[in-house]
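Novice:
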Amino acid sequence: MRLSRYFLPVLKETPSDAQIVSHRLMLRAGMIRQQAAGIYSWLPLGYRVLRRIEAIVHQEQERAGHIPLLMPTLQPADLWRESGRYDDYGQEMLRIQDRHKRDLLYGPTNEEMITDIFRAHVGSYKDLPLTLYHIQWKFRDEIRPRFGVMRGREFLMKDGYNFDVDRDAALHAYNRHMVAYLRTYERMGLTAIPMRAASGPIGGDNTHEFLVLAQTGESEVFYDDRVTGLKLGDRAVDFDNRTEVADICGEFTNLYARTDETHDTALFDAVPEEHRKVGRGIEVGQIFYFGTKYSEAMGATVVTADGSRVPVEMGSHGIGVSRLLGAIIEASHDEKGIIWPEGVTPFHAGIVNLKQGDAAADGACDGLYKALEARGLTALYDDRDERAGAKFATMDLIGLPWRITVGPRGLAKGVVELTCRRTGESEELSPEAAVDRLAQIYTNW
RNA sequence: CGGGGCGUGGCGCAGCUUGGUAGCGCGACGGUUUUGGGUACCGUAGGUCGUAGGUUCGAAUCCUAUCGCCCCGACCA
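No gaps in the numbering here: position 136 of the first sequence is 270 in our numbering, and each next residue is one more.
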């Protein structure tokens with residue numbers, strides 16, 4: 135993309151009503167625009183990152199054997215009356231009526247609806263296990279939205295629902311989600327720690343939240359700091375192997391890590407003092423096992439091998455997709471701007487032409503752009519007629535992890551400069567070598 | 001919902017106390033500057049002062065109502 139043809143409304147000054155760094159940077163980098171309290175438009179740059187995050191979530195869900203579908207944002211109230219949550223959910227649920235005065239609601243989650251789909255089409259244990267998920271906009275009418283997309287009222291969430299014949303199978307689904315989530319967050323450059331949590335309005339007794347450590351987190355967290363060094367990496371996981379999946383979950387949950395809701399002082403004191411840490415975290419996902427809470431209320435049953443009919447065992451599993459942008463920026467930025475992890479960056483590299491209109495510089499930039507494209511890499515080419523300083527400042531602000539700087543001086547020596555946004559380190563390379571280096575860097579992402 | 005604060009060009013703000021026909025910086029646009037980390041200078045455009053009503057010869061400014069937004073708290077993916 136040539137910057138002169140793109141839509142990137144960057145702000146030099148910080149909007150006064152943005153308090154935390156991710157919100158400020160998203161506004162300054164032209165990623166979002168607030169339309170109402172807690173409701174945002176996603177401008178092109180923000181939308182690109184959002185789509186990349188969605189894509190990672192999809193890939194890791196499908197890798198775990200989970201099946202995507204799409205449910206509507208608006209739901210009939212009757213479904214929620216069946217589960218009893220129409221009255222229980224309270225003011226957070228946005229309720230509306232259509233022209234026929236039928237009660238509808240803008241879904242804050244989809245347990246009822248997915249259970250309805252399940253009961254209509256599935257009746258036998260032979261159809262299980264089944265895990266369905268979608269990535270859809272949700273609305274929760276928060277009393278006080280804040281922190282930009284971290285705490286919006288409208289937000290994009292991945293929510294998945296497993297259906298299993300018995301408790302053991304459902305717990306395997308729970309574990310499968312935990313492992314899939316670990317890899318999902320790692321691919322986004324995050325260290326998200328699964329912590330034992332409280333279940334809240336979803337219900338159920340087994341639940342973990344995934345927390346990204348950050349000063350601005352909304353939850354206080356207590357943990358053994360050895361958990362932060364654990365990595366799933368690219369190890370091959372057989373998601374059908376219950377023991378293997380459970381062992382991985384054990385590896386990541388045996389060390390103490392809890393939010394303030396479930397904190398246990400006695401257990402925490404057993405952690406060696408040098409590893410005992412208290413901090414704050416941003417919640418980026420949660421998994422629940424809740425058994426037959428909804429299936430019983432809504433009559434979602436299956437016939438088992440011995441011919442009896444039992445309510446299906448369920449759980450639900452969420453990832454705050456839009457919130458993740460905020461969380462990633464909170465975890466990865468500096469005083470100049472955002473630093474995107476390679477896995478979610480809106481463009482793989484930026485190209486800065488130091489002397490627009492110079493035949494050699496223009497030609498080299500065009501060549502780089504095409505060469506990157508040929509290797510499957512996207513570039514944002516700053517071809518504006520601006521001073522070098524302005525171009526660098528924009529690139530630093532929007533946070534592309536790699537930048538190629540092209541100018542007449544370097545070209546006279548046959549080189550361009552490849553700069554790492556995170557470290558600030560530069561190396562001079564021929565244009566061809568710079569493209570090779572980037573292709574090599576991104577093979578791991 | 002309780003407490004606090006703010007609505008003035010795209011963004012950040014001044015003006016309001018002591019009513020007199022709206023100003024600054026940034027940005028945008030047009031030039032000059034040819035420039036390797038937000039350059040300098042010249043010029044141009046852009047505002048029913050959140051909205052409604054009231055007081056007044058006259059309201060951004062005073063009064064009333066209303067809408068919106070932000071911050072702290074309780075609550076939350």
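Think of the CB as a built atom: it goes at the ideal place given N, C-alpha and C, for glycine as much as any other residue.
All values derive from a computational prediction rather than experimental measurement.
According to DSSP, residue 515 sits in a beta bridge with which residue or residues?
Specialist: BP columns for residue 515 point to 136 and 485.
Novice: Please go through the same chain and pick out, in chain order, the residues whose beta-carbon is closer than 7 Å to the beta-carbon of residue 400, but skip the five residues on each side of it.
Specialist: Answer for residue 400: no residue qualifies.
Novice: Which ranges would you report for the beta strand (DSSP E) in the region 279-337 if only whole runs of at least 3 residues count?
Specialist: Whole beta strand (DSSP E) segments, 3+ residues: 288-298 and 326-330.
Novice: Residue 311: buried (16+ other C-beta within 10 angstroms of its C-beta) or exposed?
Specialist: Residue 311 is buried by the Cβ-count criterion.
Novice: How many angstroms separate the CA atom of residue 351 from the CA atom of residue 562?
Specialist: Distance between the alpha carbons of residue 351 and residue 562: 40 Å.
Novice: Whole beta strand (DSSP E) runs in the region 166-253 with 3 or more residues, listed along the chain?
Specialist: Those beta strand (DSSP E) runs which fall completely within the region 166-253 and span 3+ residues are 166-170, 173-176, 208-210, 228-231 and 237-240.
Novice: Do residue 247 and residue 583 come within 8 Å of each other at the CB atom, strictly closer than that value?
Specialist: Absent from the structure is residue 583, since the part of the chain shown begins at 135 and ends at 579.
Novice: Tell me the rounded alpha-carbon separation between residue 536 and residue 547.
Specialist: If you take the alpha carbons of residue 536 and residue 547, they lie about 21 Å apart.
Novice: Applying the criterion that 16 or more other CB atoms from any shown protein chain within 10 Å of the CB defines a buried residue, is residue 198 buried or exposed?
Specialist: Counting Cβ neighbours within 10 Å, residue 198 comes out buried, since at least 16 surround it.
Novice: Kindly identify the DSSP beta-bridge partner or partners of residue 444.
Specialist: In the DSSP output, where bridge partners are listed per residue, residue 444 has 436.
Novice: Would you please state the rounded distance, in angstroms, between the beta carbons of residue 445 and residue 434? I believe it to be under 8 Å.
Specialist: Between residue 434 and residue 445 the Cβ distance is about 6 Å, and since that is below 8 Å, they are a contact.
Novice: What residues in its chain sit with their C-beta under 6 Å from that of residue 321, if we drop five residues either side in the sequence?
Specialist: Only 190 and 477 meet the Cβ criterion.
Novice: What's the C-alpha gap between residue 231 and residue 209?
Specialist: About 11 Å.
Novice: Thinking C-alpha only, which one of 319, 532 and 258 is nearest residue 300?
Specialist: Measuring from the Cα of residue 300, the nearest candidate turns out to be 258.
Novice: Once you ignore the five residues that flank residue 227 on each side, which residues in its own chain have a CB closer than 6 Å to its CB?
Specialist: Only 239 and 242 meet the Cβ criterion.
Novice: Sort 420, 418 and 579 by Cα distance to residue 481 and report the nearest one.
Specialist: Closest by alpha carbon: 579.
Novice: Can you tell me which residues form a DSSP beta bridge with residue 258?
Specialist: Looking at the DSSP assignment, residue 258 forms a beta bridge with 437.
Novice: Helix, strand or coil for residue 553 per DSSP?
Specialist: Looking at residue 553 - three-state DSSP - the assignment turns out to be strand.
Novice: Between the Cα of residue 223 and those of 245, 193 and 205, spot the shortest distance and give me the residue it belongs to.
Specialist: Comparing Cα-Cα distances from residue 223 to each of 245, 193 and 205, the minimum goes to 245.
Novice: State the Cα-Cα distance for the pair residue 451 and residue 368, rounded to the nearest angstrom.
Specialist: Distance between the alpha carbons of residue 451 and residue 368: 22 Å.
Novice: Closer than 8 Å is the cut-off here; do at least three beta carbon pairs connect the region 270-285 with the region 391-409?
Specialist: Cβ pair count under 8 Å is below three, so no.
Novice: For residue 332, which residues from the same chain have a beta carbon less than 8 Å from its beta carbon, with the 5 sequence-adjacent residues on both sides left out?
Specialist: Hits under 8 Å: 341, 393, 395 and 396.
Novice: I'd like the span of the beta strand (DSSP E) that includes residue 412, first residue to last.
Specialist: Per DSSP, residue 412 belongs to the beta strand (DSSP E) from 410-425.
Novice: Could you pull the start and end residues of the beta strand (DSSP E) that residue 560 belongs to?
Specialist: Run containing residue 560: 560-563, per the beta strand (DSSP E) assignment.
Novice: Along the chain, where does the beta strand (DSSP E) containing residue 267 start, and where does it finish?
Specialist: That run of the beta strand (DSSP E) goes 264-273.
Novice: Identify whether residue 397 lies in helix, strand or coil by the three-state DSSP scheme.
Specialist: The answer is coil: DSSP assigns residue 397 none of H, G, I, E or B.
Novice: Using DSSP's beta-bridge definition, name the partner residues of residue 540.
Specialist: According to DSSP, residue 540 bridges with 487.
Novice: Give the straight-line distance between the Cα atoms of residue 436 and residue 203, rounded to the nearest whole angstrom.
Specialist: Distance between the alpha carbons of residue 436 and residue 203: 21 Å.
Novice: Using CA atoms only, rank isn't needed, just tell me which of 146, 154, 566 and 269 is closest to residue 163.
Specialist: Ranking the options by Cα distance to residue 163, first place goes to 146.
Novice: Residues in the same chain with beta-carbon distance under 6 Å from residue 389, minus the five sequence neighbours each way, listed in chain order, please.
Specialist: Hits under 6 Å: 358, 360 and 361.
Novice: Do the CB positions of residue 250 and residue 432 come within less than 8 Å of each other?
Specialist: For residue 250 and residue 432, yes; Cβs fall inside 8 Å.
Novice: Please identify the residue among 169, 534 and 506 whose C-alpha is closest to the C-alpha of residue 554.
Specialist: The residue with the shortest Cα to Cα distance from residue 554 is 534.
Novice: May I ask which residues mark the beginning and end of the alpha helix (DSSP H) holding residue 144?
Specialist: Residue 144 -> no alpha helix (DSSP H), and no H or E assigned at all.
Novice: Using three-state DSSP, classify residue 520 as helix, strand or coil.
Specialist: Coil.
Novice: Please say whether residue 470 and residue 511 have beta carbons closer to each other than 8 Å?
Specialist: No.
Novice: Please report how far the alpha carbon of residue 215 lies from the alpha carbon of residue 427, in whole angstroms.
Specialist: If you take the alpha carbons of residue 215 and residue 427, they lie about 14 Å apart.
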